[in-house]
Amino acid sequence: MLKYCVVFGLLVANSTAFLYSQTKKDVEKIYYQLNYRPGDWITFSATRYSTSIAVSYKIAYVGTLGGVLRYDFTKKQFNYPLTTSNGLLDNYIKVVAVEKQNDFLWVASREGLQIYNPVSQQFTTATYFQIGILLDEEIHSIGFEGSKVWLQTNKGYLSSSNSLFGFARESLLETTVVAWYGLRAVPQGKLPHIFTNTETGFQFDDYEQVFTDNEFRKFPVTSSVYDHLGNLWLTTYGAGVWKANSVSYLAEPLNYGLAMEDVSAMCFDDITMWTGGNIRSSNGRTYSSFVSGVTEWNQEKDDFKYYDSGFRSGLRLQNVNCMISDKNNIWIGTDEGLVQRINKMDYWTTYGTYSGLYHPSVYSIATEGNNLYVGTQQGLNIVRPKQKEYVISKIEIPALFNVSIFKILIFNKTIWLGTSNGIYAVSLSDYTFSHFNAVGFTVSPSQFLDQQIRGLTEDSTYIYFASDLSVIRYNKVRMFWESIPVNTQYLLPGVNDAASDENNLWIGTNNGVLRYIKRKQKWIYYGIQDGLAGARVKKILIDGDYVWFGTNKGLTQFFWNAPHLLE
């Protein structure tokens, strides 16, 4: 006990001695990277809402609210999606069409019309103003007639000789034979009877032409097309894309993408990635309640499973804030409590204030041995295993009452907390603590700071703290603080998360990502223009040569260690 007190006393005594020991270097310089190649940035988003489908000789292109899915039905696997990360103007896709003469993909989104060359993997782009589309005009269908391309809008027709920039308004004769995609491609009359396996959890309603799940939720068919083998492809609004066999019409779901567009939390569990987020409105309306859920992505099999809030006993996921995995469980912090998933049984339990939590909003989780430390909106809890159950207790630290605990990191018998009131270092043995502000100075235990520390991470030598005021680090061995010079204009939008390994420190903000290359002491900025799905980066996971960013518009993977990248 005495040893712990001595160590903890040294931590406090040295908290400000060497705060600015690092030499200020290039503090105003922020670098950018160049020379990206296809595949360096890849985004996965909510693609269960699909709007249009087009099939080439080997690829099925599916337009969704989260980009264009590409299913190679000869290999029976998905290629990575086409999104704003690799050239699309917008991820909200209205129509996709395939020009059979050259296998080019035409894409109409909310922002313009594009042609994708699958060989060069490049887009040719035209805005609607350049095409001659009016502000209150929308493209409903794209069609091909020999060397001519047609656009059907809510105001008539436009045609061009296979050029993005040569469209003119023209009347379409009834005798003209056009291979249509989009609204005009919908077959007249009813679809054939579609069969589904019981394990899919869906049935097809012939009369309404909807897929109905076991909870009686209905998902209408939005488009359909036959491929050259006679298989029927169906897209739905909420149940993804389906492929029905040409003989039996037995349909199988081809799940790909996330349950939710927003990614506020993620974690790895061996070869599986889990993601979750917050419900948000899209285009003036909120997605139906079933979209609130988490995604289980087996990256080895490239298989996606969805767990929707409220449709399983014990599962409430109305806003996911954090996730962590241990040997037997997935733990999820939400605005409705702490959710436990026992992996072997696929059994879910939600713990709330009635279970002992200070507050139902859980912002952070960390493990220490068999125990779990949980940061809530109003204090710190500990979760202990007891026989086959878990018992939640309150850690009585008055200074933390009504303090939001955003991040928890445990090192050398000390609990480091990033909170709404600065930094706390709490002894595991007796819960005595020290209080620091955002630049590392010791302050009184009860002092009100109004400084949010949402970035908390570590490497083998340092513990890092990031806020909208500063980036600092604590030396684990020598027990003193250092500041890392940075242009704080890039921090002012607000810091959401930080992640570190021995090479880089990554900081997610409300306007992109900052990367600190430790060896070079250099900062690099990444934004939407580089390939981020959304500007608001909520969660970061480092994965070897890759790094994952959870954003407000999807999950983005970046090949940061690609040898061709230039600074």
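In our numbering, the protein residues as written are 66 to 632. Just so it is clear, CB atoms sit at the ideal spot from N, CA and C, and this is done for glycine as well. Please read these numbers as outputs of a predicted model, since none were measured by experiment.
For R102, does the count of other Cβ atoms within 10 angstroms reach 16, so buried, or fall short, so exposed?
For the purposes of this step, residue 102 is taken as the residue at position 37 of the sequence shown. So R102 counts as exposed.
Starting from Y33, follow the alpha helix (DSSP H) in both directions and report where the run begins and ends.
Residue 33 is absent from the model: the chain starts at 66 and stops at 632.
Touching or not, the stretch 420 to 427 and the stretch 357 to 369, by the rule of three or more beta carbon pairs under 8 angstroms?
no
Closest to Y419 by C-alpha separation, out of K409, A431, L403, would be which residue?
Reading the sequence shown from its first residue, position 354 is the one you call residue 419. Ranked by how close their Cα comes to the Cα of Y419, the residues K409, A431, L403 have L403 in first place.
Under the three-state reduction of DSSP, which class applies to N151: helix, strand or coil?
Counting from one through the sequence shown, the residue named residue 151 turns up at place 86. Looking at N151 - three-state DSSP - the assignment turns out to be helix.
Candidates L248, Y97, V560, A316: which alpha carbon is nearest K472's?
The sequence position of residue 472 within the sequence shown is 407, counting from 1. The residue with the shortest Cα to Cα distance from K472 is V560.
Should P318 be labelled buried (16 or more other beta-carbon atoms within 10 Å of its own) or exposed?
On the sequence shown, position 253 is the one that residue 318 refers to. P318 comes out buried.
With DSSP as the reference, identify every bridge partner of M338, one or two as the case may be.
By 1-based counting over the sequence shown, the position of residue 338 is 273. Bridge partners of M338: F333, W362.
I need the DSSP call for Q405, collapsed to helix, strand or coil.
In the sequence shown, counting from the first residue as 1, residue 405 sits at position 340. Residue state, collapsed to three classes: strand.
Compare the C-alpha of Y246 against each of D270, Y222, V161 and name the closest.
The residue you call residue 246 lines up with position 181 of the sequence shown. Shortest Cα-Cα distance from Y246 to any of D270, Y222, V161 involves V161.
Under the assumption that F466 contacts G487 (Cβ atoms under 8 angstroms), give the Cβ distance between them as a whole number of angstroms.
As a position in the sequence shown, residue 466 is number 401, starting the count at 1. As a position in the sequence shown, residue 487 is number 422, starting the count at 1. That belief does not hold up - the Cβ atoms of F466 and G487 are roughly 15 angstroms apart, past 8 angstroms.
For S532, name the three-state secondary structure that DSSP assigns.
Along the sequence shown, read from residue 1 onward, the residue named residue 532 stands at position 467. Under the three-state reduction of DSSP output, S532 falls in the coil class, being neither helix nor strand.
Does S313 have its Cβ less than 8 angstroms from a Cβ in chain C?
Included in the structure is just one protein chain, with no chain C present.
Do D566 and D524 have their C-beta atoms within less than 8 angstroms of each other?
For the purposes of this step, residue 566 is identified with residue 501 of the sequence shown, where counting begins at 1. For the purposes of this step, residue 524 is identified with residue 459 of the sequence shown, where counting begins at 1. Cβ atoms of D566 and D524: closer than 8 angstroms.
For E273, which of helix, strand or coil comes out of DSSP?
As a working mapping, residue 273 is identified with position 208 in the sequence shown. Note: E273 maps to coil in three-state DSSP.
Quick one: which unbroken beta strand (DSSP E) runs of 3-plus residues sit fully inside the stretch 599 to 632? Chain order, please.
Listed in chain order, they are 602 to 608, 611 to 616, 619 to 623.
CB F276 to CB A304, shorter than 8 angstroms?
The residue labelled residue 276 in the question sits at position 211 within the sequence shown. The residue labelled residue 304 in the question sits at position 239 within the sequence shown. Cβ distance < 8 angstroms, so F276 and A304 count as in contact.
If distances are taken between C-alpha atoms only, which option among I389, W362, K392, W413 comes closest to R377?
As a position in the sequence shown, residue 377 is number 312, starting the count at 1. For R377, the nearest C-alpha among the options comes from W413.
Under a three-way DSSP split, which group does T265 fall into?
As a first step, residue 265 is located in the sequence shown; it is residue number 200 there, counting from the start. Note: T265 maps to helix in three-state DSSP.
Any idea what DSSP makes of T88, helix, strand or coil?
By 1-based counting over the sequence shown, the position of residue 88 is 23. Here the model assigns T88 a pLDDT of 42, short of 50, so the residue's position is not dependable and the matter cannot be decided.
Given a cut-off of 8 angstroms, decide if E632 and I589 are closer than it, judged by their beta-carbon atoms.
Looking up residue 589 in the sequence shown gives position 524. Looking up residue 632 in the sequence shown gives position 567. In this structure, E632 lies closer than 8 angstroms to I589 by Cβ.
By alpha-carbon positions, which one of T129, L521, Y438 ends up nearest to L299?
Working through the sequence shown from its first residue, we reach residue 299 at position 234. Of the listed residues, the one whose Cα sits closest to L299 is T129.
Touching or not, the stretch 129 to 138 and the stretch 101 to 121, by the rule of three or more beta carbon pairs under 8 angstroms?
yes
Considering N446, what are the terminal residues of the beta strand (DSSP E) in which it resides?
For this step, residue 446 is matched to residue 381 along the sequence shown. Counting along the chain, the beta strand (DSSP E) containing N446 begins and ends at 445 to 451.
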